[in-house]
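**Student:**
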Amino acid sequence: MPTWDLTFFYSSPKDSQINEDFEESLRKIKKLQQQYYDKLSDPSLTPSELKNFFQEFEKILKMHNFTYQYCHLLYDSNTQDETAQKLYAKAKDYDSKIEMESSFWKPRLLKQSEEKLNELMHDQELKDYTHVIQRLIKSKNHILSEDAEKVLAVMYNSSRGGFEELYGRLTSSYTFKLEIDGEIKELTDPQVRALRRKPDLKLRRQAMKEFFKKYDEDSLIFEKTYNSIVKNYDTEANLRNFQSPISMRNLNNEVEDEIVETVIKVTTDRTPMVHQYYRWKGKKLGIEQTLADIYAPLTNVEKEYSFEEAQKIVLVSYYEFDEEIGEIAESFFKEKRIDAEIRKGKRGGAYTSYALPNKKPFILLNFTGTLADVGTLAHELGHGIHGTLASEQNIWNYHPPLTMAEVASVFGEMLVIDKILPTLSEEERTGYLASNIEGMFSTMFRQNMIARFEISSHNLIEQNGSASWKELAELYKKELEIMFGDSVIIPKEYYYEWSSIPHIFRTPFYVYAYNFANLLVLVLYQQYKVEGKSFVPKYKELLRSGAKDSPKELLKKIGIDISNKDFWEKGFEFIEREFISKLD
Numbered sequence: 001m002p003t004w005d006l007t008f009f010y011s012s013p014k015d016s017q018i019n020e021d022f023e024e025s026l027r028k029i030k031k032l033q034q035q036y037y038d039k040l041s042d043p044s045l046t047p048s049e050l051k052n053f054f055q056e057f058e059k060i061l062k063m064h065n066f067t068y069q070y071c072h073l074l075y076d077s078n079t080q081d082e083t084a085q086k087l088y089a090k091a092k093d094y095d096s097k098i099e100m101e102s103s104f105w106k107p108r109l110l111k112q113s114e115e116k117l118n119e120l121m122h123d124q125e126l127k128d129y130t131h132v133i134q135r136l137i138k139s140k141n142h143i144l145s146e147d148a149e150k151v152l153a154v155m156y157n158s159s160r161g162g163f164e165e166l167y168g169r170l171t172s173s174y175t176f177k178l179e180i181d182g183e184i185k186e187l188t189d190p191q192v193r194a195l196r197r198k199p200d201l202k203l204r205r206q207a208m209k210e211f212f213k214k215y216d217e218d219s220l221i222f223e224k225t226y227n228s229i230v231k232n233y234d235t236e237a238n239l240r241n242f243q244s245p246i247s248m249r250n251l252n253n254e255v256e257d258e259i260v261e262t263v264i265k266v267t268t269d270r271t272p273m274v275h276q277y278y279r280w281k282g283k284k285l286g287i288e289q290t291l292a293d294i295y296a297p298l299t300n301v302e303k304e305y306s307f308e309e310a311q312k313i314v315l316v317s318y319y320e321f322d323e324e325i326g327e328i329a330e331s332f333f334k335e336k337r338i339d340a341e342i343r344k345g346k347r348g349g350a351y352t353s354y355a356l357p358n359k360k361p362f363i364l365l366n367f368t369g370t371l372a373d374v375g376t377l378a379h380e381l382g383h384g385i386h387g388t389l390a391s392e393q394n395i396w397n398y399h400p401p402l403t404m405a406e407v408a409s410v411f412g413e414m415l416v417i418d419k420i421l422p423t424l425s426e427e428e429r430t431g432y433l434a435s436n437i438e439g440m441f442s443t444m445f446r447q448n449m450i451a452r453f454e455i456s457s458h459n460l461i462e463q464n465g466s467a468s469w470k471e472l473a474e475l476y477k478k479e480l481e482i483m484f485g486d487s488v489i490i491p492k493e494y495y496y497e498w499s500s501i502p503h504i505f506r507t508p509f510y511v512y513a514y515n516f517a518n519l520l521v522l523v524l525y526q527q528y529k530v531e532g533k534s535f536v537p538k539y540k541e542l543l544r545s546g547a548k549d550s551p552k553e554l555l556k557k558i559g560i561d562i563s564n565k566d567f568w569e570k571g572f573e574f575i576e577r578e579f580i581s582k583l584d
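In terms of full-length UniProt numbering, the sequence shown is numbered consecutively and its last residue is 584.
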C-alpha cells in the first residue's frame with residue numbers, strides 16, 4: 001500500500017529549514033505591512049502599486065503555505081506522534097500570526113472610494129486580479145475594522161480552531177474491538193465503516209452499534225465541542241452582518257443564498273426516490289433493513305480490489321477521457337503523492353491537499369479494497385487534477401470555492417462507473433448500479449440531510465444558548481426520518497451519527513457543496529455524453545479557471561444557468577433514467 005514521500009517538502013521533521021521558512025514568511029509579511037499600510041488607502045494608489053502588492057503578498061503566502069502543508073500532512077499521517085503534534089501546533093501558530101499581520105489589507109483597501117475601486121478593478125494592468133477586487137467589493141459590508149480582524153485572526157486557534165483540533169485528535173485515536181471470524185480484532189474508523197459493505201448482516205449491525213457507542217461514551221466532549229464551534233462561528237457571522245450563519249459560507253462559496261435554498265429544497269422534495277429504492281433493496285435482500293444495511297451488497301459474493309487493480313481501472317478511465325488528464329493522474333503514483341495505507345493514528349477519511357499553485361497536490365486515502373474505495377481513489381485524483389490544472393492561476397484565483405471544488409472529483413467517479421459497467425455480468429451489473437445509487441444518495445441526499453441538520457442545530461443553539469446531546473440527537477433523528485421514511489428501521493445508536501461527521505466540526509456548512517457539485521456534474525456528464533470529445537477542452541478550461549470568476553459566470557460560459565430551478569431537477573432525472581430504471 002503506497003505512502004507519500006514528504007521529502008518533497010523537507011528532509012525530515014527536524015529539518016531546521018522549517019523554522020527558518022516560517023520565520024522568513026513572518027518577517028516578510030511584517031515588512032509588507034509597513035510598506036503598504038498607508039499606500040493601500042491612499043487615493044493616489046496606482047494600478048502598478050496594487051499589482052506589486054499582490055505579487056509580493058503571493059510570494060509570502062506561497063512560502064508559508066508550502067511549510068504549513070508539510071506540517072499538516074505530517075500530522076495527519078500520525079496524529080498520535082508527538083513530534084508531528086508539536087510541529088503542527090507551531091504551524092498553526094505561525095498561520096495565525098501571518099493571518100493577523102496580513103489582516104490590514106482588506107480594511108485599508110476598502111477605504112478607497114467606490115469609484116476608485118471600480119477603476120482599479122477594470123484596469124488592464126490588474127486583469128489577473130479583477131475577481132479578487134470584485135470579491136472584496138462584494139464583501140465590503142462584512143469586513144470588520146482592522147483591530148477586529150486582527151483579534152479574530154489571532155484568537156482562532158484558541159477558540160474554534162482549538163475545538164476543531166480536539167475533535168480531530170479524539171476521533172483519530174479511536175479503535176474498535178469486534179469479533180470477526182471467531183477472532184477479536186482491533187479496527188480503525190475506516191475499517192469499521194468498511195464493514196457496512198460486508199455480506200454478514202450480524203457483523204454489519206454489530207460494527208455500527210460499537211462504532212456509535214464510542215461516540216455516545218464521549219457525548220459530553222462532543223456536545224461541548226459542537227456547541228462551542230457553532231457559537232463561535234455564528235458570533236462571527238453576526239459580527240460580520242450576515243443574514244444567517246450559512247450566508248457567511250455562501251459568500252465564501254460565491255453563491256447566492258437563494259440558490260443554496262433552492263438546491264436544498266429540490267433535493268428534500270425528491271426524497272421519495274430514496275424511499276422507493278430502499279423498499280426495492282429490502283425486498284431484493286429479503287430482510288427488514290436497518291440503517292446498518294443501506295450499503296450491504298446484493299449478493300454474498302464480495303468483490304475486493306487490490307490497490308494496483310484500483311489504480312489501473314482509474315488511470316485507464318482518465319486516459320481514455322483525455323491524455324493530459326491521464327498523465328496528471330499517473331504522476332501522483334510515480335511521485336509518491338498518495339498515502340493509502342491504513343494505520344493507527346492516521347486521520348480517517350480521504351482528502352486532497354493543494355495549498356499553493358505548484359502542480360503538486362497530495363492525496364490521503366484509507367484504502368480497504370472495496371469497490372467504493374475504487375471510486376474514492378478516482379474522486380481524490382479528480383481533486384488533484386483540478387488542483388494541477390488550476391495551477392496556472394495566481395494564488396488569489398487558485399482555490400475554487402467549495403461549490404466548484406467537488407466538480408472534478410465527482411466527474412472522475414462518473415468516468416470510472418462507465419468504465420466498470422460493461423465489464424460486469426448481469427448480476428454484478430445490478431449490484432454495481434445499486435452500489436453507485438447508494439453512493440450518489442450518500443453524496444446528495446445524505447449531505448443535504450446533514451446541511452438541514454446544521455441549519456436547525458445552529459438555530460436551536462442560537463435560540464436556547466446551547467443544545468444538549470439528547471436535543472441534537474433528536475434533531476438528527478428527524479432528518480433521518482425525512483430522508484428514509486419507512487423504508488428502513490432507524491436504530492437508536494444512529495441518532496448519534498451527527499457527532500461522527502467531521503465537516504460540521506471542521507468547516508460549518510461545507511456539506512451542501514457535495515450535493516451542489518454532484519447535481520452539477522450529473523448535468524455536465526450528460527453534456528459530455530452528447531458532445532463527446534468536443535466537450536473535453538471546455539471542461540479542462542473550466543478546471544484551469546480555478547476561481548478567477550464566480551461559479552455562476554464560469555458555468556455560464558458552457559451554457560449552464562445555476563439560478564434556474566429546472567437545472568437542478570435534471571440531475572435527479574439522470575439518476576432515475578441511467579441508474580434506477582436499469583435495476584431489475
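We put the CB at the ideal spot given by N, CA and C, even for glycine. None of the values given here were measured: they were computed from a predicted structure.
1. Have a look at residue 188 and residue 181 and give me their C-alpha separation to the nearest angstrom.
2. Between the stretch 222-238 and the stretch 500-516, do three or more beta carbon pairs fall short of 8 Å?
3. Across which residues does DSSP place residue 388 in a beta bridge pair?
4. DSSP puts residue 67 in a beta bridge; with which residues?
5. Where does the unbroken alpha helix (DSSP H) through residue 215 begin, and where does it stop?
6. Between residue 513 and residue 253, how many whole angstroms is the CB-CB distance? I'm expecting something under 8 Å.
7. With a cut-off of 8 Å, do at least 3 Cβ pairs link the stretch 38-58 to the stretch 66-83?
8. By DSSP's criteria, residue 489 is part of a beta bridge. Which residues make up the other side?
9. Give the C-beta separation of residue 201 and residue 137 to the nearest angstrom, bearing in mind that I take them to be a contact with Cβ-Cβ under 8 Å.
10. Rounded to whole angstroms, what is the Cα-Cα separation between residue 217 and residue 244?
11. Does DSSP put residue 36 in a helix, a strand or coil?
12. Below 8 Å CB to CB, which residues in the same chain sit around residue 140 once its five sequence neighbours on both sides are set aside?
13. How is the alpha helix (DSSP H) around residue 268 delimited, first residue to last?
14. Measuring alpha carbon to alpha carbon, tell me which of 455, 440 and 428 ends up nearest residue 411.
15. Tell me which residue opens and which closes the alpha helix (DSSP H) that residue 430 is part of.
16. Label residue 431 either buried or exposed according to how many other C-beta atoms from any shown protein chain fall within 10 Å of its C-beta, with 16 as the threshold for buried.
17. Do you know how far the Cα of residue 224 is from the Cα of residue 98?
18. Could you tell me the alpha carbon to alpha carbon distance between residue 476 and residue 494, rounded to whole angstroms?
19. Would you check if the distance between the CB atom of residue 350 and the CB atom of residue 324 is smaller than 8 Å?
20. Where does residue 27 land, buried or exposed, given buried means 16+ other C-beta within 10 angstroms?
21. Distance, Cα to Cα, residue 178 vs residue 394?
22. Taking just the CA atoms, how far does residue 445 sit from residue 451?
23. Can you tell me where the beta strand (DSSP E) holding residue 353 begins and where it ends?
24. Apply the 10 Å Cβ neighbour rule to residue 124 and answer buried if 16 or more other Cβ atoms are within range, or exposed otherwise.
25. Going by the beta-carbon positions, is the gap between residue 2 and residue 294 smaller than 8 Å?
26. What residues match up with residue 180 in a beta bridge as DSSP calls it?
27. Just to confirm the assignment, what range does the beta strand (DSSP E) spanning residue 593 have?
28. Quick check for students: name the residue ranges of the alpha helix (DSSP H) that lie wholly in the stretch 444-497, counting only runs of 4 or more.
29. Can you give me the start and stop residues for the alpha helix (DSSP H) that residue 409 sits inside?
30. Only counting runs of 4 or more residues, tell me where the alpha helix (DSSP H) segments fall wholly within the stretch 51-105, in order along the chain.
31. If you count every other CB in all the chains shown that lies within 10 Å of the CB of residue 561, and 16 or more means buried, which is it?
32. Kindly confirm or deny that the stretch 419-437 and the stretch 296-313 touch, where touching means at least three C-beta pairs closer than 8 Å.
33. Distance check for residue 572 and residue 566, CA to CA, integer angstroms please.
34. Could you tell me the distance, in whole angstroms, from the CA atom of residue 113 to the CA atom of residue 39?
35. So what's residue 325 in DSSP terms, helix, strand or just coil?
36. Is the beta carbon of residue 96 sitting closer than 8 Å to the one on residue 153?
**Tutor:** This is what the structure holds:
1. Counting from one through the sequence shown, the residue named residue 188 turns up at place 188. Counting from one through the sequence shown, the residue named residue 181 turns up at place 181. Rounded to whole angstroms, residue 188 to residue 181 spans 17 Å at the Cα level.
2. yes
3. For this step, residue 388 is matched to residue 388 along the sequence shown. In the DSSP output, where bridge partners are listed per residue, residue 388 has none listed.
4. The sequence position of residue 67 within the sequence shown is 67, counting from 1. Partner(s): none; residue 67 has no beta bridge.
5. Counting from 1 along the sequence shown, the entry for residue 215 is found at position 215. First-last of the alpha helix (DSSP H) with residue 215: 201-217.
6. Your numbering for residue 513 matches position 513 in the sequence shown. Your numbering for residue 253 matches position 253 in the sequence shown. Confirmed, about 7 Å.
7. Under the Cβ criterion (8 Å, minimum of three pairs), the stretch 38-58 does not count as touching the stretch 66-83.
8. For this step, residue 489 is matched to residue 489 along the sequence shown. Answer by DSSP bridge pairing, in chain order: 290.
9. The residue labelled residue 201 in the question sits at position 201 within the sequence shown. The residue labelled residue 137 in the question sits at position 137 within the sequence shown. Taking 8 Å as the upper bound for CB-CB distance, residue 201 and residue 137 are not in contact here, some 57 Å apart.
10. Against the sequence shown, residue 217 aligns to sequence position 217. Against the sequence shown, residue 244 aligns to sequence position 244. So the alpha carbons of these two residues sit roughly 33 Å apart.
11. The count along the sequence shown starts at 1 and reaches residue 36 at position 36. Here residue 36 sits in helix by DSSP.
12. As a first step, residue 140 must be located in the sequence shown, where it is residue number 140. So the qualifying residues of the chain are 110.
13. As a first step, residue 268 is located in the sequence shown; it is residue number 268 there, counting from the start. Start and end: 257-269.
14. Looking up residue 411 in the sequence shown gives position 411. Answer by Cα proximity: 440.
15. Numbered from its first residue, the sequence shown carries residue 430 at position 430. Residue 430 -> alpha helix (DSSP H) spans 426-441.
16. Within the sequence shown, the letter at position 431 stands for residue 431. The residue is buried, with at least 16 neighbouring Cβ atoms inside 10 Å.
17. In the sequence shown, residue 98 corresponds to position 98, counting from 1. In the sequence shown, residue 224 corresponds to position 224, counting from 1. One C-alpha to the other measures close to 29 Å.
18. On the sequence shown, position 476 is the one that residue 476 refers to. On the sequence shown, position 494 is the one that residue 494 refers to. Their Cα atoms are separated by approximately 9 Å.
19. By 1-based counting over the sequence shown, the position of residue 350 is 350. By 1-based counting over the sequence shown, the position of residue 324 is 324. Their beta carbons are not under 8 Å apart, which means residue 350 does not touch residue 324 by this criterion.
20. If you number the sequence shown from 1, residue 27 lands on position 27. In this structure residue 27 is exposed. Its beta-carbon is surrounded by fewer than 16 other beta-carbon atoms within 10 angstroms.
21. For the purposes of this step, residue 178 is taken as residue 178 along the sequence shown, with counting starting at 1. For the purposes of this step, residue 394 is taken as residue 394 along the sequence shown, with counting starting at 1. Approximately 49 Å between the Cα atoms of the pair.
22. For the purposes of this step, residue 451 is taken as the residue at position 451 of the sequence shown. For the purposes of this step, residue 445 is taken as the residue at position 445 of the sequence shown. If you take the alpha carbons of residue 451 and residue 445, they lie about 10 Å apart.
23. Against the sequence shown, residue 353 aligns to sequence position 353. Residue range 351-353 is occupied by the beta strand (DSSP E) that includes residue 353.
24. What you label residue 124 is simply residue 124 of the sequence shown in a count that begins at 1. Residue 124 is exposed by the Cβ-count criterion.
25. Locating residue 2 in the sequence shown gives position 2, where the first residue counts as 1. Locating residue 294 in the sequence shown gives position 294, where the first residue counts as 1. Not a contact, by the Cβ cut-off of 8 Å.
26. One-based indexing of the sequence shown puts residue 180 at position 180. 183, per the DSSP bridge assignment.
27. Residue 593 lies beyond the stretch modelled for the chain, which goes from 1 to 584, so this question has no answer here.
28. 447-464 and 469-484
29. Taking the first residue of the sequence shown as position 1, residue 409 is located at position 409. From DSSP, the alpha helix (DSSP H) with residue 409 extends over 407-420.
30. 82-102
31. Stepping through the sequence shown from its first residue, residue 561 is reached at position 561. With fewer than 16 other Cβ atoms within 10 Å, it is exposed.
32. yes
33. Here the question's residue 566 lines up with position 566 in the sequence shown. Here the question's residue 572 lines up with position 572 in the sequence shown. For residue 566 and residue 572, the distance between alpha carbons rounds to 11 Å.
34. Your numbering for residue 113 matches position 113 in the sequence shown. Your numbering for residue 39 matches position 39 in the sequence shown. Looking at the two C-alpha atoms, the distance is approximately 14 Å.
35. Residue mapping note: residue 325 aligns to position 325 of the sequence shown, counting from 1. Of the three classes helix, strand and coil, the one that applies to residue 325 here is helix, per DSSP.
36. Taking the sequence shown and counting its residues from 1, one reaches residue 96 at position 96. Taking the sequence shown and counting its residues from 1, one reaches residue 153 at position 153. In this structure, residue 153 lies closer than 8 Å to residue 96 by Cβ.
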